[in-house]
Structures are given as structure tokens and as C-alpha cells.
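Take any residue in the sequence shown, note its place counting from 1, add 217, and you have its number in my numbering.
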Amino acid sequence: MPHSFKDIKGIAIGILAGGIVGAIVALLTAPKSGKEVRRDIKNKSEEYYDDLEKYFSKKKKKAGKMIKDGKKNI
218 MPHSFKDIKG
228 IAIGILAGGI
238 VGAIVALLTA
248 PKSGKEVRRD
258 IKNKSEEYYD
268 DLEKYFSKKK
278 KKAGKMIKDG
288 KKNI
């Protein structure tokens with residue numbers, strides 16, 4: 218049975234949230250200065266944002282293709 222976009226979106230958000238929480242916990246428990254930790258958190262958040270942006274861009278293209286294909290079949 219194919220997964221709905223809502224299911225996939227929920228999974229992606231869960232994975233992202235888990236990754237962010239894990240990264241923050243790892244950074245906060247690491248023996249670094251506050252300045253280094255803030256820099257690391259900023260870098261990781263930018264990395265996750267870029268990953269999410271790429272993920273949803275791919276999904277948007279796929280959805281557009283599905284709509285286009287669906288219109289052809291009508």
C-alpha cells in the first residue's frame with residue numbers, strides 16, 4: 218500500500234526532530250566552551266535546514282510530476 222504524503226511528512230519531521238535533539242544533547246554534554254557550543258549548534262541547525270529544504274524540494278517536484286501525469290490521464 219503506498220504511503221500518503223502526510224505519513225511521509227510526519228516521518229521526516231520525526232527524524233529531523235530526533236536528529237536535532239540528539240545533536241543538541243551531544244553538543245551540550247561535550248567539553249567545549251559556550252562560544253564553541255553556540256557555533257556548533259548554529260552550524261548544525263543550518264545543515265538540518267538545508268537538508269529539509271532539499272527533501273521538500275524533491276517532494277514538491279515529485280508531487281508536481283504526479284499532478285501533471287494525473288491530468289494527462291483524465
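All residues carry an ideal CB built from backbone N, CA and C; glycine is no exception.
Taking C-beta atoms under 8 Å as the contact rule, Ile-237 and Tyr-265 qualify, at a distance of about 6 Å. Collapsing the DSSP output to three states places Ile-228 in a helix. Contact annotation, Ile-258 with Leu-244: C-beta distance approximately 6 Å; criterion of less than 8 Å satisfied.
Inclusion of Ala-247 and Lys-261 in the CB contact set at 8 Å is not warranted, their separation being larger than that value.
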